[in-house]
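What follows is a single structure, written as structure tokens, with notes after it.
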Amino acid sequence: MKKTLLIICSLVLAVSCTEDFETININPNYPASAEPGLLLPGVQREMAYNWGDQGWEEGFTVVQYGARLQFTSGDTYNWSPSGDPYDNAYASLRDVENIIRDTEANEDAQNYYGVALVMKSWIYSYVTDAYGDVPYSEATMGIENGNVTPAFDAQSAIYAGILADLETANTVLTDADNISGDIFYDGDIEKWRKFANSLRLRLLMRISDVDNATAVAGMTQITSNPSAYPIFESNEDMTFVAWNSDNPQPKYDTRSGSFDEVRLSQTLETRLKDLNDNRLYVFAQPTTASEKGIFSEDFDDYVGMPNGLDDEAALGYSPSENPDESGSNFISRLGILLGCRACNPEQASATASQTIIMSYSELQFILAEAAERGFISAGDAATYYENGIRASFEYYTERVAAGGWSDIANAMQATDLDAYVAQDAVALTGDADDNLAKIALQKWISLFYTGFEGWSDWRRTGMPEVIPGPDAVNDGMVPVRFQYPNSVKSTNSENYNAAVQSMGADDINTKLWWDVD
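FYI, the numbering for the sequence shown is 2 to 518, going by the working numbering.
Structure (structure tokens):
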């Protein structure tokens with residue numbers, strides 16, 4: 002009898018323990034979900050920082066805004082497999098998917114849902130434009146079903162998903178400003194709609210050479226109905242992160258040696274001087290040898306260096322025939338707007354520089370190209386183009402004024418923009434090819450602080466020209482993608498191999514789906 006009771010009690014206890022197992026093993030300090038308002042700012046800050054940092058690393062040098070004075074492997078195209086932005090992107094996308102999961106069916110949280118769709122679209126566009134085919138449809142399944150080896154989707158399918166999500170976001174975002182934690186727009190939902198549609202125009206232009214029908218239909222839909230599809234209307238609408246003293250602009254706390262590795266490229270110097278373009282004052286500093294501090298009205302005090310020199314040649318480079326005028330003192334640092342505190346202890350600003358995700362000037366150049374190529378009938382190319390130029394000058398003037406650099410701000414404000422736009426080298430008065438080249442050049446200048454968007458646009462258009470430096474490896478070819486991270490090859494080898502077989506070799510010369518230039 003005692004034995005029978007013992008068995009029954011044991012069974013009861015076993016069933017009870019099994020039924021309560023999940024409850025007992027829930028960690029109260031690790032909730033299954035988090036409030037969207039707590040997840041959103043972390044994703045925004047992490048990805049904006051990464052976007053800006055990648056712009057500094059590969060973005061500045063590959064399209065020759067800056068040139069490498071030391072550790073020149075990036076500038077000579079000796080690139081290795083890169084886990085950046087891959088790792089940061091997918092870490093952030095897990096939080097984005099959590100927001101989507103918790104808000105999609107919640108009528109009171111549709112603005113969070115729409116914002117999460119826009120963030121998802123931007124991050125995926127970033128990572129797929131870096132690598133090509135990447136995990137998309139199965140990318141975050143590990144959150145719920147444990148799939149830690151996701152398949153890689155074709156870039157064409159990823160773009161189709163991104164564009165559909167952006168259209169959905171425009172629809173679900175409402176007039177109610179009821180989100181918190183937003184460090185892009187402080188909860189302004191109308192500006193999120195403008196970002197969704199402006200980003201969609203960027204990506205539609207990106208695919209215009211491989212899927213022109215989709216690109217033209219989408220651009221026409223947006224530009225022909227601005228009330229239903231609002232877009233950026235001024236610099237006030239652009240997407241950026243404004244840093245503060247607790248979270249300073251990404252280069253502010255950089256050690257001086259790391260900051261000084263990147264100098265003004267001779268390519269940017271030459272193009273700006275040829276146009277008598279005062280943005281040179283913002284993008285570069287006078288040489289140390291000029292003893293002019295952070296500003297000089299004399300363009301001769303701003304000197305760039307060639308891209309693609311090896312370490313020895315870069316360190317010993319002299320912009321003149323005088324061998325005594327060689328080295329860093331005779332080459333311009335990048336502008337004070339991005340200055341590091343250790344480099345310019347009294348002038349550098351922790352907050353003046355903003356990390357730009359997408360600017361109003363970029364949008365205007367997209368519309369100028371679309372009008373010039375006959376993709377849209379709303380507006381005309383010359384007006385969009387001039388708007389883009391003026392918006393770029395106005396933005397950089399405002400930022401240097403905010404940093405307290407009054408001499409630079411005064412020089413920018415004194416720019417005669419009417420005369421600038423009227424120059425033969427600037428005015429949009431040529432044939433289609435000439436006009437498109439001018440649009441590409443001005444867009445390239447305006448994208449100086451915008452991640453590696455300049456590289457993406459160059460890959461699509463081949464304009465303006467990028468000439469590899471004298472010590473460039475890679476058979477003198479400019480890289481057009483990143484190699485997949487080594488960690489992906491080892492942990493998801495089957496799907497990695499399938500992606501490589503679909504795309505071609507996993508090297509920096511394999512063109513992406515939309516890159517047919």
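Where is the CB? At the ideal position from N, CA and C, for every residue including glycine.
As the structure is a prediction and not an experimental result, all values here were calculated from the model.
>> Just to confirm before moving on: does the CB-CB distance between R201 and I223 stay below 8 Å?
In response: yes
> Under a three-way DSSP split, which group does F233 fall into?
Replying inline: coil
> Roughly how many angstroms lie between the CA atoms of D299 and D187, to the nearest whole one?
Replying inline: Roughly 41 Å between the two C-alpha positions.
>> Within 10 Å of its beta-carbon, does A372 have 16 or more other beta-carbons around it, so buried, or fewer, so exposed?
In response: buried
>> Measuring only the C-alpha atoms, how far is E237 from V211?
In response: If you draw a straight line from the Cα of E237 to the Cα of V211, it is about 33 Å long.
> Ends of the beta strand (DSSP E) at R194?
Replying inline: Careful: R194 lies outside any beta strand (DSSP E), inside the alpha helix (DSSP H) at I190 to R207.
> Between which two residues does the alpha helix (DSSP H) carrying V97 extend?
Replying inline: Y87 to T104
> At which residue ranges does the stretch 228 to 294 contain complete beta strand (DSSP E) runs of 3 or more residues, listed in the order of the chain?
Replying inline: 240 to 243 and 263 to 265
> In whole angstroms, what is the alpha-carbon distance linking M478 and L269?
Replying inline: Cα-Cα distance, rounded: 20 Å.
> Which one or two residues does DSSP pair with F483 in a beta bridge?
Replying inline: Under DSSP, F483 forms no beta bridge with any residue.
> How long is the line joining the alpha carbons of I446 and D408, rounded to whole angstroms?
Replying inline: When only Cα atoms are considered, I446 and D408 end up about 22 Å apart.
> Excluding the five sequence neighbours on either side, which residues of its own chain have a C-beta within less than 6 Å of the C-beta of Y450, listed in chain order?
Replying inline: I357
> Tell me which same chain residues have a C-beta within less than 8 Å of the C-beta of L442, skipping the five on either side of it?
Replying inline: Within the same chain, L442 has close Cβ partners R272, M464 and P465.
> DSSP on M413, reduced to helix/strand/coil?
Replying inline: helix
> How many Å lie between N1 and Q424 at the Cα?
Replying inline: Given that the chain is displayed from residue 2 to residue 518, the structure contains no residue 1 and the question cannot be resolved.
>> Spatial neighbours of Y137 within its chain, please: C-beta separation below 6 Å, excluding the five flanking residues on both sides.
In response: Correct list, in chain order: D154 and I159.
> Hey, is the stretch 343 to 354 in contact with the stretch 372 to 386, meaning 3+ C-beta pairs nearer than 8 Å?
Replying inline: no
> First and last residue of the alpha helix (DSSP H) that includes R460?
Replying inline: It spans E454 to T462 - the alpha helix (DSSP H) in which R460 sits, taken as one unbroken run.
>> According to DSSP, Q355 sits in a beta bridge with which residue or residues?
In response: A243
> Do you know how far the Cα of E262 is from the Cα of F483?
Replying inline: 21 Å
>> I need the straight-line Cα distance from N112 to K121, nearest angstrom please.
In response: Cα-Cα distance, rounded: 14 Å.
>> By the three-class DSSP mapping on this structure, what secondary structure does R334 have?
In response: R334 falls in the strand class under three-state DSSP.
> Since A117 is in the alpha helix (DSSP H), which residue starts that stretch and which ends it?
Replying inline: Q111 to Y132
> Among all the DSSP beta bridges, which residues are the ones paired with M142?
Replying inline: Its beta-bridge partners do not exist; DSSP assigns none.
>> For N436 and P480, which I take to be in contact (beta-carbon distance under 8 Å), what is that distance rounded to the nearest angstrom?
In response: The Cβ separation is near 28 Å, so there is no contact.
> To the nearest angstrom, how far is it from the Cα of A49 to the Cα of E322?
Replying inline: 42 Å
> Can you name the residues that DSSP bridges to D154?
Replying inline: V135
> Would the beta-carbon of G317 fall within 8 Å of that of A473?
Replying inline: no
> Which residues in the same chain have their Cβ closer than 7 Å to the Cβ of M504, if we skip the five residues on either side of it in sequence?
Replying inline: G133, D134 and T511
>> Beta-carbon within less than 7 Å of D508's beta-carbon, same chain only, minus the 5 sequence neighbours each way: which residues are those?
In response: Cβ neighbours of D508 beyond the five flanking positions: Q484.
>> Using the Cβ count rule (16 or more neighbours within 10 Å means buried), how would you classify A500?
In response: buried
> How far does the alpha helix (DSSP H) with G219 in it reach, from first residue to last?
Replying inline: N213 to T224
> If you draw a straight line from the alpha carbon of V13 to that of M142, how long is it in whole angstroms?
Replying inline: Low confidence applies here, because V13 scores a pLDDT of 43, under 50, leaving its location unreliable; read the following figure in that light. V13 and M142: Cα-Cα distance of roughly 36 Å.
> If you scan the stretch 388 to 436 from start to end, which runs of the beta strand (DSSP E) of 3 or more residues do you find wholly inside it?
Replying inline: none
> Of all the options I124, V149, L118 and A152, which has the alpha carbon lying nearest to the alpha carbon of V168?
Replying inline: Here residue 168 turns out to be Glu, not Val, going by the sequence shown. Among I124, V149, L118 and A152, the Cα nearest to that of E168 belongs to L118.
>> So Q71 and A315 are supposed to be a Cβ contact under 8 Å. How far apart are they, rounded?
In response: 7 Å
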